[in-house]
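Chains as they are written, first to last, in this note's numbering: chain A, 542 to 749; chain B, 118 to 339.
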Amino acid sequence: MRLEVEDLACNRGERRIFSGVSFALTAGEALIVTGRNGAGKSTLLDLLAGRLHPAAGRVVLSEAGDRTLPECLHYVGHRDALKSALTAQENLDFARDFLGDPALESQEALEAVGLVHAARLPVAYLSAGQRRRIALARLLVAHRPLWLLDEPTSALDTASQATLLGLMETHRARGGLIVATTHAPLALAGAKEVRIERSRPAPSEAVA
Amino acid sequence: MIRSFRALLVRDLKLAARVGGSGMMGLIFFLAIVTLIPFALGPDLNLLSRIGPAILWIAALLATLIGLDRLFQADQEDGSLDLLRLAPIPLEVVVFAKVAAHWLVTGLPLALAAPFLGLLVALSPDAMLAMVATLLVGTPALTFIGAVGAALTASLRRGGLILAILVLPFMIPTLIFGVSAANAALGGTVPFATPFLILAALSLFAAVVGIVGAAAALRSGE
């Protein structure tokens, strides 16, 4: 699978958030998105996930068969997308059945993030870091070539951050693609980096 | 497709049954309204049995609104909606699964409980059967119409009130034909089948418009 982004720009309301973002990713490559708070890092991931539409530029997916971009990706954002009334196991079972193309069993995925003991607890009882780890375990229960991770290390302790890095490297070794936003440096070997700067409104743009 | 649909349906049914779920709330609200009205009107059995179908229908309509505001809002708040967008199935099918689960825990129990609540408003056995039939066929229309409002208000705080104001006018035709079908079963010049078939048509129409409308509202909701 290959993902190309050409001269991407995004507006929220009347405001131009960023413009001129370009990159290309092929199998096994990772991209780290950096930038100040509010620069539009999460917005870039939203564009890639298909939740927002670009104001200019395009996102091109190739070598992915007949699947659309949203069907090719996992998204782990600030909100964990976990149902607090359900147990960790039930949340993962749901994701596994719902997303299709199942990979690891929920139990194995929980083992990979070190949370087997919490499998039968409702997610409401778990801490922020534990919830984040369950959200990350969702990456393992369904095969999706592209991982979009929004600040994946937030709320994680150092041991879990190392586990996450291991998972990301394994995914890349199998030909997966990763786009991650981060403030803390992520030690991904040979990762590309793109820095998002808030674009200043040019006089001609302000009229348009 | 079936697998994703079933997974979502089962998840929503489980959630309704767990702590904080809306399962049974609609039914208890329905019971509360139907119990209140005889207290307000007084013990006039003839009057009650004449307006009984109307009372049950209005109560069912209000009970359907309970929990409807959380239909998409809960998923919006915890980020699950983003997960649902990544499905290998169209968003319309996702909406259909959620609405079906919602109807199974609100609309269906209302229809099944109607005979027991019919006792409170002195309905005849024939009228009770007619109530079950009309609610069974008519409440899907209410849920589907409500789903559009729920999708439109998914990202609003306190969206429940706006939801009610938005969707109640569109529920009027369902209410009219639901009550007239139930009344037709009690006697009168109109055969039962005429308003009942229109009610069924309203439900089918609402199913299509509701699913497409709610999915469109969710797509543009960002």
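Even glycine gets a Cβ: it sits at the ideal position worked out from N, Cα and C.
> What does E612/A touch in chain B if you count any residue whose Cβ is under 9 Å from its own?
Replying inline: For the purposes of this step, residue 612/A is taken as the residue at position 71 of the first sequence. What E612/A touches in chain B: L203, A204, P205.
> Do you know offhand how far D621/A's Cα is from L164/B's?
Replying inline: The sequence position of residue 621/A within the first sequence is 80, counting from 1. The sequence position of residue 164/B within the second sequence is 47, counting from 1. C-alpha separation (whole angstroms): 54 Å.
>> Only counting the same chain, and skipping five residues up and downstream in sequence, which positions put a Cβ closer than 7 Å to that of M239/B?
In response: For the purposes of this step, residue 239/B is taken as residue 122 along the second sequence, with counting starting at 1. The sequence shown places Ala at residue 239/B, rather than the Met named in the question. Counting only Cβ-Cβ distances below 7 Å, and skipping sequence neighbours, we find L162, L165, S166, G169.
> By how many angstroms is the C-alpha of F261/B removed from the C-alpha of A299/B?
Replying inline: For the purposes of this step, residue 299/B is taken as the residue at position 182 of the second sequence. For the purposes of this step, residue 261/B is taken as the residue at position 144 of the second sequence. Going by the C-alpha atoms only, they are around 21 Å apart.
> For P308/B, is the classification buried or exposed, using 16 other Cβ atoms within 10 angstroms of its Cβ as the cut-off for buried?
Replying inline: Here residue 308/B refers to the residue found at position 191 when the second sequence is read from its first residue. When all chains shown are included, P308/B counts as exposed.
>> Quick check on the DSSP output: the alpha helix (DSSP H) that includes F146/B runs from which residue to which?
In response: Taking the second sequence and counting its residues from 1, the one referred to as residue 146/B is at position 29. Here the alpha helix (DSSP H) through F146/B covers 142–158.
> Quick one: does P312/B have its CB under 8 Å from some CB of chain A?
Replying inline: Here residue 312/B refers to the residue found at position 195 of the second sequence. Nearest CB-CB separation between P312/B and chain A: not below the 8 Å threshold.
> Roughly how many angstroms separate the alpha carbons of L335/B and L269/B, rounded to a whole number?
Replying inline: Along the second sequence, one-based indexing puts residue 335/B at 218. Along the second sequence, one-based indexing puts residue 269/B at 152. Distance between the alpha carbons of L335/B and L269/B: 7 Å.
>> Going by the DSSP bridge assignment, what does W688/A pair with across the sheet?
In response: One-based indexing of the first sequence puts residue 688/A at position 147. Answer is H615/A, I719/A.
>> Please report the straight-line C-alpha distance between W688/A and A149/B, rounded to a whole angstrom.
In response: The residue labelled residue 688/A in the question sits at position 147 within the first sequence. The residue labelled residue 149/B in the question sits at position 32 within the second sequence. As the crow flies, the alpha-carbon of W688/A is around 49 Å from that of A149/B.
>> What residue range does the alpha helix (DSSP H) around D698/A cover?
In response: Your numbering for residue 698/A matches position 157 in the first sequence. In the DSSP annotation of this structure, D698/A is not part of any alpha helix (DSSP H), being labelled neither H nor E.
>> Quick check on the burial criterion: 16 or more other C-beta atoms within 10 angstroms. Buried or exposed for D192/B?
In response: Translated into positions along the second sequence, residue 192/B becomes position 75. Answer is buried; the Cβ neighbour count reaches 16.
> Between L549/A and H658/A, what straight-line distance do the alpha-carbon atoms span, to the nearest angstrom?
Replying inline: Counting from one through the first sequence, the residue named residue 549/A turns up at place 8. Counting from one through the first sequence, the residue named residue 658/A turns up at place 117. Approximately 44 Å, taken between the alpha carbons.
> From R673/A, T575/A, F559/A, pick the residue whose C-alpha is nearest to that of T722/A; which is it?
Replying inline: In the first sequence, residue 722/A corresponds to position 181, counting from 1. Distances from the CA of T722/A to each of R673/A, T575/A, F559/A were compared; the closest alpha carbon is that of T575/A.
> Taking a cut of 7 Å between CB atoms, which residues from the region 120–141 of chain B lie near chain A?
Replying inline: Of all residues in the region 120–141 of chain B, the ones placed with a Cβ closer than 7 Å to any Cβ belonging to chain A are R120, S121, A124, L125, R128, K131, L132, R135, V136, G137, G138, in chain order.
> Mind pulling the chain B residues with CB within less than 7 Å of L623/A?
Replying inline: The sequence position of residue 623/A within the first sequence is 82, counting from 1. Within chain B, the C-beta atoms nearer than 7 Å to that of L623/A come from D195, in chain order.
> Smallest Cα separation from P614/A: which of L623/A, V562/A, A636/A?
Replying inline: By 1-based counting over the first sequence, the position of residue 614/A is 73. According to the sequence as given, residue 614/A is Leu; it is not Pro. When C-alpha distances from L614/A are compared across L623/A, V562/A, A636/A, the shortest belongs to A636/A.
>> Could you tell me the alpha carbon to alpha carbon distance between V212/B and I328/B, rounded to whole angstroms?
In response: Numbered from its first residue, the second sequence carries residue 212/B at position 95. Numbered from its first residue, the second sequence carries residue 328/B at position 211. C-alpha separation (whole angstroms): 6 Å.
> Can you name the residues of chain B whose CB is closer than 8 Å to the CB of Y616/A?
Replying inline: Within the first sequence, the letter at position 75 stands for residue 616/A. Residues of chain B with a Cβ closer than 8 Å to the Cβ of Y616/A are, in chain order, D199, L200, L203.
>> Tell me which residue opens and which closes the beta strand (DSSP E) that E545/A is part of.
In response: Walking along the first sequence from the start, residue 545/A turns up at place 4. Per DSSP, E545/A is one residue of the beta strand (DSSP E) stretching across 543–553.
> What residues match up with T628/A in a beta bridge as DSSP calls it?
Replying inline: For the purposes of this step, residue 628/A is identified with residue 87 of the first sequence, where counting begins at 1. As computed with DSSP, T628/A is found in a beta bridge with P663/A.
> Residues in its own chain within less than 7 Å of M142/B by CB, not counting five upstream and five downstream?
Replying inline: In the second sequence, the residue the question calls residue 142/B occupies position 25. Around M142/B: I183, G184.
> Cα-Cα, which of G276/B, L153/B, F313/B, W220/B is closest to A250/B?
Replying inline: Sequence index remark: in the second sequence, residue 250/B carries index 133 (1-based). Taking only the C-alpha atoms, the option nearest A250/B is F313/B.
> Which two residues bound the contiguous beta strand (DSSP E) that contains T575/A?
Replying inline: Counting from one through the first sequence, the residue named residue 575/A turns up at place 34. Counting along the chain, T575/A sits inside the beta strand (DSSP E) bounded by residues 571–575.
> Since I558/A is in the beta strand (DSSP E), which residue starts that stretch and which ends it?
Replying inline: Position 17 of the first sequence, counting from 1, holds the residue named residue 558/A. Start and end: 556–566.
> Taking the DSSP output, what are the residues bridged to R599/A?
Replying inline: By one-based count along the first sequence, residue 599/A stands at place 58. Under DSSP, R599/A forms a beta bridge with E547/A.
> On the premise that T291/B lies in contact with L319/B, defined as a C-beta separation below 8 Å, what is that separation, rounded to the nearest angstrom?
Replying inline: In the second sequence, the residue the question calls residue 319/B occupies position 202. In the second sequence, the residue the question calls residue 291/B occupies position 174. That belief holds up - the Cβ atoms of L319/B and T291/B are roughly 5 Å apart, short of 8 Å.
>> In whole angstroms, give me the CA-to-CA distance for L623/A and L246/B.
In response: Translated into the one-based positions of the first sequence, residue 623/A becomes position 82. Translated into the one-based positions of the second sequence, residue 246/B becomes position 129. Distance between the alpha carbons of L623/A and L246/B: 42 Å.
> Whose C-alpha, out of L283/B, V326/B, A133/B, P155/B, is nearest the C-alpha of A218/B?
Replying inline: Taking the first residue of the second sequence as 1, we reach residue 218/B at position 101. Nearest neighbour of A218/B by Cα position, chosen from L283/B, V326/B, A133/B, P155/B, turns out to be A133/B.
>> For G569/A and A324/B, I'd like the C-alpha separation in whole angstroms.
In response: As a working mapping, residue 569/A is identified with position 28 in the first sequence. As a working mapping, residue 324/B is identified with position 207 in the second sequence. CA-CA distance, G569/A to A324/B, rounds to 44 Å.
> Mind checking H619/A: buried by the 16 CB within 10 Å criterion, or exposed?
Replying inline: Here residue 619/A is taken as the residue at index 78 of the first sequence, counted from 1. Exposed: under 16 other Cβ atoms inside 10 Å.
>> With the cut-off set at 8 Å, would you say A629/A and L588/A are in Cβ contact?
In response: For the purposes of this step, residue 629/A is taken as the residue at position 88 of the first sequence. For the purposes of this step, residue 588/A is taken as the residue at position 47 of the first sequence. No, Cβ-Cβ distance for A629/A and L588/A is not below 8 Å.
>> Under 8 Å, Cβ to Cβ, is there at least one residue of chain B near R620/A?
In response: As a working mapping, residue 620/A is identified with position 79 in the first sequence. For R620/A, the answer is yes, since a Cβ of chain B falls inside 8 Å of its Cβ.
>> Is there a C-beta anywhere in chain B that falls below 8 Å from the one on L627/A?
In response: On the first sequence, residue 627/A is found 86 positions in, with the first residue counted as 1. With 8 Å as the cut-off, L627/A counts as an interface residue toward chain B.
> Considering M736/A, what are the terminal residues of the beta strand (DSSP E) in which it resides?
Replying inline: Walking along the first sequence from the start, residue 736/A turns up at place 195. Rather than Met, the amino acid found at residue 736/A in this sequence is Arg. Element bounds for R736/A: 733–736.
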